[in-house]
Amino acid sequence: MNVISVKNLTKQYEFYRKHAGLWGTLTALVYRKKQYAQAVQGISFDIKEGEIVGFLGPNGAGKTTTLKMLSGILYPTSGEVRVLGCIPQERANEFKKQFGIVMGQKDQLEKMLPAMDSFLLLKEFYGVSDADFARITEELVELLGIRDFLDIPVRRLSLGQRMKCELVAALLHSPKVLFLDEPTIGLDVVAQKNIRDFIKKYNRQKKTTILLTSHNMDDIKELCERVIIINFGKIIYDGQLSTLISMYAKEKIITVTTDEIMPTEVFENFGTVEEYQGVKASIRVPRAQVKEVAAALIASPLPIDDIVIDEMPIDDIIRAIFEAKQE
Ligand SMILES: Nc1ncnc2c1ncn2[C@@H]1O[C@H](COP(=O)(O)OP(=O)(O)O)[C@@H](O)[C@H]1O
Ligand SMILES: [Mg+2]
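As structure tokens, this is what we get:
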């Protein structure tokens with residue numbers, strides 16, 4: 067069953083641009099030129115019950131705009147959206163109880179209040195029974211390990227702790243669909259992993275359908291079998307992540323840390339040096355040769371402290387798809 071269905075969806079923002087300075091302010095009083103931004107340009111996709119789909123794209127590609135249309139925050143300019151059979155922009159109460167949204171860059175909890183107070187307000191808003199509320203908060207608090215933070219004003223929590231509370235807030239009413247917009251942005255590596263593990267477990271247990279945007283390749287690899295890639299408001303890839311990686315991520319990045327400052331030339335024997343900071347170099351290496359090169363680095367006389375192997379950044383993969391399409 068398709069939980070989310072999107073057909074030819076577009077969003078055009080209209081806005082006025084004022085020129086800088088006093089003259090700009092004066093002319094804007096009598097003459098304002100309307101500007102348009104084609105944020106989403108005719109996208110279509112379907113998402114089935116229980117899927118976690120990664121929604122990827124560079125900054126300004128149209129991801130947040132799409133998520134806002136899917137959750138009824140924004141009206142589409144044209145096209146069709148169905149989420150659980152509802153039309154989100156009609157904002158029916160029935161629909162509000164079916165989805166949750168977390169935006170990494172915009173917190174929704176009241177900062178001056180402890181998280182528990184916000185949860186209680188949301189309980190009333192969504193009409194969650196006392197028994198359900200007790201059971202659901204207990205489950206989420208346990209899973210996220212945040213029992214000790216619930217009575218502290220949210221503004222005094224770390225970013226990671228805050229994000230965990232945001233997740234509880236979005237899941238209190240047991241939504242069937244969850245939209246996550248950059249849920250790990252700004253978090254340290256450990257907090258990122260905690261959030262990721264939680265999302266994975268939660269999806270397995272509840273079969274919640276999740277659409278997730280992230281710039282973090284670890285999030286995507288850990289959580290999503292399928293990805294949809296948007297660039298300049300258009301979908302340029304919709305399919306398996308593994309296929310995407312084998313088709314477009316033909317290289318991996320080996321990052322080497324050394325105990326002493328090394329000249330950049332010594333790393334050039336191993337691959338294309340992408341970044342170099344004296345004791346740290348990132349080298350691009352063809353996927354098929356990664357093991358070989360890593361072994362050669364370890365066997366070399368270089369004073370190596372650490373070697374980390376990463377996927378290419380998402381933005382580079384997107385660029386590769388885009389370039390392939392132009393040819
Ligand atoms: N309120 C707005 N008014 C005008 N343009 C906007 C507005 N919000 C976003 N845009 C533009 O729409 C495009 C898509 O933005 P957005 O959906 O936020 O992208 P993403 O989330 O992928 O970074 C960008 O070019 C952005 O500048
Ligand atoms: Mg965004």
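FYI, the numbering for the sequence shown is 67 to 393, going by our numbering.
Glycine residues also receive a C-beta, built at the ideal position from the N, C-alpha and C atoms.
Helix, strand or coil for residue i? Go by DSSP, reduced to three states.
i	result
E190	helix
Q343	coil
T71	Residue identity differs from the one stated: residue 71 is Ser in this sequence, not Thr. Looking at S71 - three-state DSSP - the assignment turns out to be strand.
G87	helix
L278	strand
K163	coil
T338	strand
S134	Before going on, a small fix: residue 134 reads as Lys here, not Ser. Three-state result, K134: helix.
Y141	coil
Y268	helix
G226	helix
T250	coil
Whose C-beta lies closer than 6 Å to the C-beta of residue i among residues of the same chain, with five residues either side of it excluded?
i	result
L210	K230 and F264
M283	E377 and I380
D285	T250 and R262
Q101	F81 and R83
D372	T323
Applying the 10 Å Cβ sphere with the 16-neighbour rule, what's the burial state of residue i?
i	result
T131	buried
I212	buried
I311	buried
S184	buried
K273	exposed
R270	exposed
I375	exposed
A200	exposed
I327	exposed
E160	exposed
K99	exposed
Q258	buried
K114	exposed
F121	buried
Hey, residue i and residue j are a contact pair by Cβ (cut 8 Å); roughly how many whole angstroms apart?
i	j	result
T279	L133	7 Å
K346	T330	The pair is not a contact, with the Cβ atoms about 11 Å apart (cut-off 8 Å).
F111	I294	6 Å
F336	V351	7 Å
G126	I296	Incorrect: roughly 10 Å between the Cβ atoms, too far for contact.
Q164	P241	6 Å
L244	I70	Contact doesn't hold; Cβ gap of about 11 Å is too wide.
L175	E232	6 Å
L216	P180	6 Å
Going by CA-CA distance only, name the one from the options that's closest to residue i.
i	options	result
E156	T143, L253 and I139	I139
F298	K272, R385 and L237	R385
K267	F191, V356 and G116	G116
L188	M169, L237, K114 and E205	L237
L253	A235, V243 and H281	H281
Y97	R292, H85 and A105	H85
G128	G108, V147 and V119	G108
L368	K357, E334 and P241	E334
G305	A94, D196 and V119	V119
E389	K177, S348 and I302	I302
R148	D196, T309, N74 and A235	N74
G344	G166, I370 and Y79	I370
I320	E341, M313 and Y314	E341
L223	V194, G166, K177 and Y141	K177
Tell me whether residue i, by its Cβ, gets closer than 7 Å to a heavy atom of ligand 4.
i	result
D247	For the structure depicted, ligand 4 is absent and the ligand set comprises only ligand 1 and ligand 2.
Within the same chain, show all residues whose beta-carbon is closer than 7 Å to that of residue i, passing over the 5 residues directly before and after it, in chain order.
i	result
E317	R350, V351, P352, R353 and M378
A235	Q174, L175, S184, F185 and L188
Please work out which residues of its chain come closer than 8 Å, Cβ to Cβ, to residue i, disregarding the five sequence neighbours upstream and downstream, and give them in chain order.
i	result
E248	M169, G170, Q171, T279, S280 and H281
K287	L307 and E377
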